[in-house]
Amino acid sequence: MSASVKIKTLTIDDRHVGARENQTILEVARENGIEIPSLCYIDGLSAHGGCRLCLVEVTGIPQLLPACMTVVEERMEVSTQSERLRKLRKNILELYFSERNHVCSVCVSNGNCELQDMAGETGMDHVHFPYLYPDLGVDITHERFAMDDNRCIMCTRCVRVCDEIEGAHTLDIKDRGIETRIITDLDQNWGDSETCTLCGKCVHVCPTGALFEKGKSVGEMSKRRQFLPYLALMREEKR
Amino acid sequence: MKKKSLATLWLDGCSGCHMSLIDIDDRIVQLSESFDILYSPLVDVKEFPEHVDVTLLEGAVSTDEDLEMVKKIRRQTGMLISFGDCAVTGNVPAMRNKFELEQVLNRGYIEMSPDNEIIPDQYVPKLLDKAYPVHHIVHVDLFLQGCPPSADLIFDALSEIAAGRTPVLSGRTRFG
Ligand code: SF4
Ligand code: SF4
Ligand code: SF4
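Residue numbers (the numbering used here), protein chains in the order written: chain D, 12 to 250; chain G, 23 to 198.
Take a look at the structure:
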């Protein structure tokens, strides 16, 4: 840390904490052992602010703010666990489960899934919205990996890791709103991709069963992502 | 303490949740001190009783018969429990929901059985357009997640109910 870094003080859930300027609420909370749920944020990649699970309340600001995108300010008062936020997080999780086809009992990631765990932790035990049952496919054209749109929550971790860490930018996003999908190259089959290096980073950052290694059966796909902060650090030092 | 009455049954389920219920093993003796099982595949009673205090309902609502039954159960039950993922989410039976009903029937009766040419329309219940989670049809009082819910979870939930408390399962259960 250079000597010119300014320190800000704020409270998170009534706890006094210190932060370096430019840190986000989420980073500061985690450094201090305060758990704010998130699905799209992952240590080592840029923040995306898409999953909306890390929304927090800040005194004096009427709207909720995403903790992963909000930089701390002096004397900020942040609240992460109000009844309002708990309800909202449950509702967001219900929307995830109703928007695509999640059948945990037969999913490759059953028992190793961040979405499933988060539903369990927040007590989201049933979905009151109507399920949409969209007609989605599975791309199994790649020699080693598969992509199942049914389980994708559009967190874009895979897109970011492929671009920011691997530098291949094989993965991207097409369309808008509920029609949004992850694509490979110019919306081709993954197996026909000329840019994919087969590195597997996308598979291992994916929080759900949407990306998996071929040959894995129900509950067999567990992700290893210890590599990420290390690789991110290496890249930063090179710059 | 006065015993509570209990019913258990499955609609569009595989009976796996009932297997898990049996897996509570000798603790079933403990439960039988608090509950009278009035209706269940485990006892030979044909008609759903006029009134039961608690019903464990396994399976999704998938046919016209399921639909009648689930409404009747709701009318005649104090505390209705969605028992396992098929009841709670639709789970595996609901995997047909992204297809049209004709496609589903065609697949099951014609494409998969080359010697058969007809889709039966008598003597078997009619499939609904979709397989529904129970709470999308009637009000549900408690959700026991899992495919199947573990024996311990079932035992603890029923023990709490026997003691007159509402089971708090949050953080202890998940889908799948
Ligand atoms: S991706 Fe996760 S939440 Fe979705 S079906 Fe698989 S285990 Fe369940
Ligand atoms: S395997 Fe590597 S290069 Fe290929 S899409 Fe995934 S992250 Fe990109
Ligand atoms: S494939 Fe996985 S990592 Fe990529 S957006 Fe979907 S859920 Fe996120």
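All residues carry an ideal CB built from backbone N, CA and C; glycine is no exception.
Quiz item: So is the beta-carbon of C173/D under 7 Å away from any non-hydrogen atom of ligand 2?
Solution: For ligand 2, at least one heavy atom lies less than 7 Å from the Cβ of C173/D.
Quiz item: Exposed or buried, which one is M135/D when buried takes at least 16 other CB atoms within 10 Å?
Solution: The residue in question, M135/D, is buried, as its Cβ has 16 or more Cβ neighbours within 10 Å.
Exercise. Mark D88/G as exposed unless 16 or more other C-beta atoms lie within 10 angstroms of its C-beta, in which case mark it buried.
Key: Burial is judged here by how many other beta carbons sit within 10 angstroms of a residue's own beta carbon; D88/G has at least 16 and is buried.
Quiz item: Within the 8 Å Cβ cut-off, does V39/D reach chain G?
Solution: By this cut-off, V39/D is not an interface position.
Quiz item: Quick one: is D136/D near chain G, going by C-beta distance under 8 Å?
Solution: Answer yes: the Cβ-Cβ gap between D136/D and chain G drops below 8 Å somewhere.
Exercise. Say whether chain D places a C-beta atom closer than 8 Å to the C-beta of S37/G.
Key: Using a Cβ-Cβ cut-off of 8 Å, S37/G does not count as an interface residue toward chain D, since no Cβ of chain D sits closer than that to its own.
Quiz item: Short check: CB of V110/G to CB of P63/G, under 8 Å?
Solution: Not a contact, by the Cβ cut-off of 8 Å.
Quiz item: ligand 3 heavy atoms versus the CB of R2/D: any closer than 7 Å?
Solution: The requested residue 2/D is not part of the displayed model; chain D covers only 12 to 250.
Quiz item: Which chain B residues are close to P145/D, counting only those with a beta carbon under 9 Å from its beta carbon?
Solution: No chain B appears in the structure shown, which is made up of the protein chains D and G.
Quiz item: Would the beta-carbon of I193/D be found less than 7 Å away from any heavy atom of ligand 3?
Solution: Taking non-hydrogen atoms of ligand 3 into account, the C-beta of I193/D is found less than 7 Å away from one of them.
Quiz item: Can you list, in chain order, the stretches of the beta strand (DSSP E) that have 3 or more residues and sit fully within the segment 88 to 122 of chain D?
Solution: The qualifying runs are 88 to 90.
Exercise. May I ask you to check if the CB of T167/D is nearer than 7 Å to at least one heavy atom of ligand 2?
Key: T167/D Cβ: outside cutoff for every heavy atom of ligand 2.
Self-check item: M129/D burial status per 10 Å Cβ neighbour count (16 or more: buried)
Solution: Here M129/D is buried, its C-beta having at least 16 other C-beta atoms within 10 Å.
Quiz item: When the Cβ atoms of the segment 69 to 79 of chain G are set against those of the segment 227 to 242 of chain D, are three or more pairs found closer than 8 Å?
Solution: They do not touch, by the three-pair rule.
Quiz item: Among residues of its own chain, excluding the 5 on either side of C207/D, which ones have a beta-carbon nearer than 6 Å to its beta-carbon?
Solution: Result list for C207/D: T181, in chain order.
Quiz prompt | Enclosing alpha helix (DSSP H) for M41/G [first to last residue] | solution = That run of the alpha helix (DSSP H) goes 38 to 44.
Quiz item: Which value, in whole angstroms, describes the spacing of the CA atoms of T22/D and L96/D?
Solution: Annotation: T22/D to L96/D spans about 17 Å, alpha carbon to alpha carbon.
Quiz item: Is R162/D near ligand 1, with its Cβ less than 7 Å from a heavy atom?
Solution: Answer for R162/D: yes, Cβ within range of ligand 1.
Quiz prompt | Paired residues, beta bridge with I103/G - DSSP | solution = Its beta-bridge partners are L78/G, L164/G.
Exercise. May I have the straight-line CA-CA distance separating V89/D from N102/D, to the nearest angstrom?
Key: For V89/D and N102/D, the distance between alpha carbons rounds to 21 Å.
Practice problem: Give the C-beta separation of V114/D and N119/G to the nearest angstrom, bearing in mind that I take them to be a contact with Cβ-Cβ under 8 Å. | Solution: So it is not a contact: roughly 11 Å between Cβ atoms.
Quiz item: Mind checking whether A173/G and D45/G have CB atoms under 8 Å apart?
Solution: In this structure, A173/G lies near D45/G, with their beta-carbon atoms less than 8 Å apart.
Exercise. Name, in chain order, the residues that DSSP records as bridge partners for H153/D.
Key: Looking at the DSSP assignment, H153/D forms no beta bridge with any residue, so it has no partner.
Exercise. Give, in chain order, every unbroken run of the alpha helix (DSSP H) that is at least 4 residues long and sits entirely within the segment 191 to 233 of chain D.
Key: With a minimum length of 4 residues, the continuous alpha helix (DSSP H) runs that stay inside the segment 191 to 233 of chain D are 212 to 216.
Quiz item: Alpha carbon to alpha carbon, how far is V76/G from M101/G?
Solution: V76/G and M101/G have their C-alpha atoms roughly 5 Å apart.
Quiz item: Around the C-beta of N200/D, are 16 or more other C-beta atoms found within 10 angstroms, so that it is buried, or is it exposed?
Solution: It is exposed - the Cβ of N200/D has fewer than 16 other Cβ atoms within 10 Å.
Quiz prompt | Minimum C-alpha distance to T195/G - residue among I36/D, T195/D, Q127/D | solution = Of I36/D, T195/D, Q127/D, the residue nearest in Cα terms is Q127/D.
Self-check item: For H27/D: DSSP bridge partner residues
Solution: The partner list for H27/D (beta bridge, DSSP) reads T22/D.
Practice problem: Classify S54/G as helix, strand or coil using the three-state DSSP reduction. | Solution: Annotated three-state conformation of S54/G is helix, per DSSP.
Self-check item: Three-way DSSP call (helix, strand, coil) for I59/G in this model
Solution: DSSP places I59/G in strand when its eight states are reduced to three.
Quiz item: Less than 7 Å between the CB of L222/D and some heavy atom of ligand 3, yes or no?
Solution: For ligand 3, at least one heavy atom lies less than 7 Å from the Cβ of L222/D.
Quiz item: Are D163/G and I95/G close, meaning C-beta to C-beta below 8 Å?
Solution: Contact: no.
Self-check item: Span of the alpha helix (DSSP H), counted from its first residue to its last, around V83/D
Solution: In the DSSP assignment, V83/D falls outside any alpha helix (DSSP H) and carries neither an H nor an E.
Quiz item: Alpha carbon to alpha carbon, how far is E55/G from S42/G?
Solution: Computed Cα separation, rounded: 20 Å.
Quiz item: Going by alpha carbons, who is nearest to I8/D out of F238/D, H137/D, T167/D, M245/D?
Solution: Look at the range of chain D in this structure, 12 to 250, and you will see that residue 8/D is not part of it.
Self-check item: Which of helix, strand or coil DSSP assigns to P171/G
Solution: Under the three-state reduction of DSSP, P171/G is assigned to coil, being neither helix nor strand.
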